[in-house]
Amino acid sequence: MAAQVPADLAFEVVELPGKGKGVVSTRAIKAGELILAESPAFTTGMRRTEPMITAAVDKLSASDRLVFHSLALSDNKAALGPFLGRMETNGIEMASATGAPQQGLFLLGSRFNHSCTPNICRTWDGGLGKERFVASVDIDQDIELEIYYDALYKRQHERQNELHAKFGFWCKCRACCLTGAELADSDQRRAKIDTTRQVLPQLIAQPARFVQLAKEALTALEHEGIYTGRGPFAYDCFQASVAWSDLEAAKLWAARNLELQKREAGVGSSEFKRMEALKANPKAHRSWGAFGRKQKVERP
Ligand SMILES: [Zn+2]
Numbered sequence: 001m002a003a004q005v006p007a008d009l010a011f012e013v014v015e016l017p018g019k020g021k022g023v024v025s026t027r028a029i030k031a032g033e034l035i036l037a038e039s040p041a042f043t044t045g046m047r048r049t050e051p052m053i054t055a056a057v058d059k060l061s062a063s064d065r066l067v068f069h070s071l072a073l074s075d076n077k078a079a080l081g082p083f084l085g086r087m088e089t090n091g092i093e094m095a096s097a098t099g100a101p102q103q104g105l106f107l108l109g110s111r112f113n114h115s116c117t118p119n120i121c122r123t124w125d126g127g128l129g130k131e132r133f134v135a136s137v138d139i140d141q142d143i144e145l146e147i148y149y150d151a152l153y154k155r156q157h158e159r160q161n162e163l164h165a166k167f168g169f170w171c172k173c174r175a176c177c178l179t180g181a182e183l184a185d186s187d188q189r190r191a192k193i194d195t196t197r198q199v200l201p202q203l204i205a206q207p208a209r210f211v212q213l214a215k216e217a218l219t220a221l222e223h224e225g226i227y228t229g230r231g232p233f234a235y236d237c238f239q240a241s242v243a244w245s246d247l248e249a250a251k252l253w254a255a256r257n258l259e260l261q262k263r264e265a266g267v268g269s270s271e272f273k274r275m276e277a278l279k280a281n282p283k284a285h286r287s288w289g290a291f292g293r294k295q296k297v298e299r300p
């Protein structure tokens, strides 16, 4: 299996009542700890067929084929066939080298269940060719380790419908059990995060508004207890600082990004190393001075 599991293994795959298999910590885990880095057993483009997946599985070792057939097959994907159905139930979206979307099948990584407030961040590291699973909080022993599959920044009813349609389960995570005013607040924050992600690229010419929205989204992520996506907002502000030639702001936003990334991609990731270099020399970024004049960008 193409998984790199640290020597000091932090988890085991177990049967969980009512959930099928899941991943549980076997010891205390520190925030920022890499618990798994795994290469995909195979990848496919977004147009997949039963014969394509069958051919990919045929190329695996005998033991990996057994693992593949033991993976979950959601009820509403079973009609696609045992191979494509399992790919659709377990595949994780990742960018290819060309940036085109593709899906990877991770034999161990697909054992993690979903939560809309996950305690594990998963990120694709193109430089290493691995999906990295990093603890975003301190975790005690005997706690379920969860990642997100999809729909993280949607309202509760949207997440429920999307997760059920794609993966065949009704999410019962903490965020999905909220009601009343707490639910309204959570929905509003997630919708704000989603909107901000969409509108920011069009606002880079207005740095004050840009940074204000990014900061609000970071606060919303903090209130929601979500770590996935924090680093990228700090990176957006770094990019704005670079484009507006504000060297000091660029260094501070790069530092903020690195601090947040420790709990997302983790310190050993390609992205972390790239940002360390950019923090030392923001002028090396290809967008340095893109607007041709200097404008002050708000600090973190
Ligand atoms: Zn949920």
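Just so we're aligned: 190 in full-length UniProt numbering is position 190 of the sequence shown, and the numbers increase by one with no gaps anywhere.
For each residue, glycine too, the CB sits at the ideal point set by N, CA and C.
State buried or exposed for residue 70, treating a residue as buried only when at least 16 other CB atoms are found within 10 Å of its CB.
-> Taking the sequence shown and counting its residues from 1, one reaches residue 70 at position 70. Flag for residue 70 reads exposed.
Is residue 191 near ligand 1, judged by its Cβ being under 8 Å from some heavy atom?
-> By 1-based counting over the sequence shown, the position of residue 191 is 191. Result no, Cβ not under 8 Å from ligand 1.
Span of the alpha helix (DSSP H), counted from its first residue to its last, around residue 29 = Residue 29 sits at position 29 when you count from the first residue of the sequence shown. Per DSSP, residue 29 belongs to no alpha helix (DSSP H) and is neither H nor E.
CB-CB under 6 Å to residue 89, same chain, minus the five flanking residues each way: which ones, in chain order?
-> In the sequence shown, counting from the first residue as 1, residue 89 sits at position 89. Answer for residue 89: 72, 73, 74 and 77, listed in chain order.
Within 10 angstroms of the Cβ of residue 224, are there 16 or more other Cβ atoms? Answer buried if so, exposed if not.
-> Here residue 224 corresponds to residue number 224 of the sequence shown, with the count starting at 1. So residue 224 ends up on the buried side.
Any heavy atom of ligand 1 within a distance shorter than 8 Å of the CB on residue 175?
-> Looking up residue 175 in the sequence shown gives position 175. Yes, the beta carbon of residue 175 sits closer than 8 Å to at least one heavy atom of ligand 1.
With DSSP collapsed to three states, give me the class of residue 113.
-> Start at 1 with the first residue of the sequence shown, and residue 113 comes out as number 113. In this structure, residue 113 counts as strand in the three-state DSSP scheme.
Who does residue 132 pair with in a DSSP beta bridge?
-> The residue given as residue 132 occupies position 132 in the sequence shown. For residue 132, which the question treats as bridged, DSSP gives the partners 37 and 123.
May I ask you to list the residues that DSSP assigns as paired with residue 146?
-> Taking the sequence shown and counting its residues from 1, one reaches residue 146 at position 146. Paired residues: 113.
heavy atom of ligand 1 below 8 Å from residue 163 C-beta | Stepping through the sequence shown from its first residue, residue 163 is reached at position 163. Checking the Cβ of residue 163 against ligand 1 gives yes.
Enclosing alpha helix (DSSP H) for residue 301 [first to last residue] | Within the shown structure, residues of the chain are numbered from 1 to 300, placing residue 301 beyond reach of any answer.
Tell me, which residues are paired with residue 42 by DSSP?
-> The sequence position of residue 42 within the sequence shown is 42, counting from 1. Residue 42 pairs with 105.
Completely contained alpha helix (DSSP H) runs for the stretch 224–264, where each covers 4 or more residues | 230–243 and 247–261
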